[in-house]
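Notes to accompany the following structure.
Protein chains: 2
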Amino acid sequence: MFSKSCEYGIRAVIYIVSASKNGERVGIGEICQNIDAPEHFTAKILQILTRNRIVSSQKGVHGGFYLDDYQKGLALIEVVTAIDGKTLFTGCGLGLKQCSETNPCPIHSKFKSIRNDIKKMLEQTTIEELGNSIKKGKSVLKTLKI
Amino acid sequence: MFSKSCEYGIRAVIYIVSASKNGERVGIGEICQNIDAPEHFTAKILQILTRNRIVSSQKGVHGGFYLDDYQKGLALIEVVTAIDGKTLFTGCGLGLKQCSETNPCPIHSKFKSIRNDIKKMLEQTTIEELGNSIKKGKSVLKTLKI
DNA sequence: TAAATAAAAGACAAATTTATCCTTTATACA
DNA sequence: TGTATAAAGGATAAATTTGTCTTTTATTTA
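Chains as they are written, first to last, in numbering that gives the first Met the number 0: chain D, 0 to 145; chain H, 0 to 145.
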């Protein structure tokens, strides 16, 4: 469904929001330890998100990543689109380039409603909401150690 | 959503069903021309499907691929599972290995209903049904030439 | 202003997916 | 029975995705 990059990206933003109290910044090392993701690779994904102003960052001492109030309110679809593009919501299920309403692939209409559901779900879910779920201990972002 | 392999595989079986009249066999060359797919690569995918008894094949003169009556009635999920496995229906949206009802990722429940919808759709759609849609000219399997 | 810190960025490597080519095997039919 | 045909299978290559390492840039603070 999502690429590995996107999975890491989503987990990272959720962790940042869940971990930074009062605008405190979170370092890439801490982020990756807490979401079980490769550090340098995830750093590059966060670079994409900062360039797209979905995440904020600060270099130097006490630097790190954080989300301002506006960014916390962003929907998950912003993260997904920045990393994986819009193919998941707009592309043909069978990979046809010219699939459309007037020139549909055999699963076009059935696929369309699923695509729309995915899109709707990602539009209606905010980063903050998912961060709160982590804060409250209602969900996790990494495999539990035994 | 689906891998390229799976897209080719689905398009191939639909074409075979739509093109083979009275159990006639369809060659890999004809298949690939009509679904815009690389021949040798698609051949390997059809090998997977024949090994899984989703498609039938015959070597030699007048050989090729075809689907018997039972196979035509198979649901699309058989094709997808044979090629891409069950990850799409069972895997975690954020890629967590131990995501579950009792140890959910932040989007677990929202994702679950979408996964189920995809599964249901693939279970309810038969290869034959899609082949008929092509036969009737109601849908296409390749980009139209201008 | 210099040192320490942490993100940004560039270069490179591994792994996986996608694609191609060549040989082998099975089948039909002349 | 031999030849043509077409799928099966093996080996290899290209492309993309994922992952790592090193250098550069910006910022804080002593």
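Glycine included, every Cβ here is placed at the ideal spot set by N, Cα and C.
Keep in mind that this is a model prediction, so the values were computed, not measured.
Report task. For V60 (chain D), count neighbouring C-beta atoms within 10 Å of its own C-beta (all shown protein chains included) and say buried if the count is 16 or more, exposed if not. Result -> Here V60 (chain D) is exposed: its Cβ has fewer than 16 other Cβ atoms, across all protein chains shown, within 10 Å.
Report task. For the segment 29-45 of chain D, enumerate the residues whose C-beta is nearer than 7 Å to any C-beta of chain H, in chain order. Result -> Result list empty, no residue passes.
Query raised in the report: With a cut-off of 8 Å, do at least 3 Cβ pairs link the segment 128-137 of chain D to the segment 61-71 of chain H?
Result: A contact is defined here as three or more CB-CB pairs under 8 Å, and the segment 128-137 of chain D fails this definition with respect to the segment 61-71 of chain H.
Query - Beta-bridge partners of V25 (chain D), as assigned by DSSP - result: Checking the DSSP bridge columns, you'll see V25 (chain D) partnered with D:F64.
Query raised in the report: Can you name, in chain order, every residue of its own chain whose Cβ lies under 6 Å from the Cβ of G63 (chain D), other than the five neighbours on each side?
Result: Excluding residues within five positions, the ones whose Cβ falls inside 6 Å are R24, V25 and G26.
Query raised in the report: What does L93 (chain D) reach in chain H if we use C-beta pairs closer than 7 Å?
Result: Near L93 (chain D) (Cβ distances below 7 Å), the residues of chain H are E6, I9 and R10.
Query raised in the report: Cα separation between I30 (chain D) and G130 (chain D)?
Result: Whole-angstrom Cα-Cα distance: 13 Å.
Query raised in the report: List, in order along the chain, the chain D residues whose C-beta lies closer than 8 Å to that of Q70 (chain H)?
Result: Chain D residues near Q70 (chain H): none, gap ~17 Å exceeds 8 Å.
Query raised in the report: Is the Cβ-Cβ distance between V54 (chain D) and L121 (chain D) less than 8 Å?
Result: Contact: no.
Query raised in the report: Whose Cβ in chain D lies nearer than 8 Å to the Cβ of T142 (chain H)?
Result: Result: L95, K96 and Q97.
Query raised in the report: Taking the Cβ atom as the reference point for each residue, do I76 (chain H) and K118 (chain H) lie within a distance shorter than 8 Å?
Result: Going by C-beta atoms, I76 (chain H) is nearer than 8 Å to K118 (chain H).
Query raised in the report: Is A42 (chain H) helix, strand or coil by DSSP?
Result: Correct three-state label for A42 (chain H): helix.
Query raised in the report: What distance in whole Å lies between the Cβ atoms of Y7 (chain H) and T41 (chain H), which are believed to be in contact at a cut-off of 8 Å?
Result: Rounded, the Cβ-Cβ distance is 5 Å, consistent with contact.
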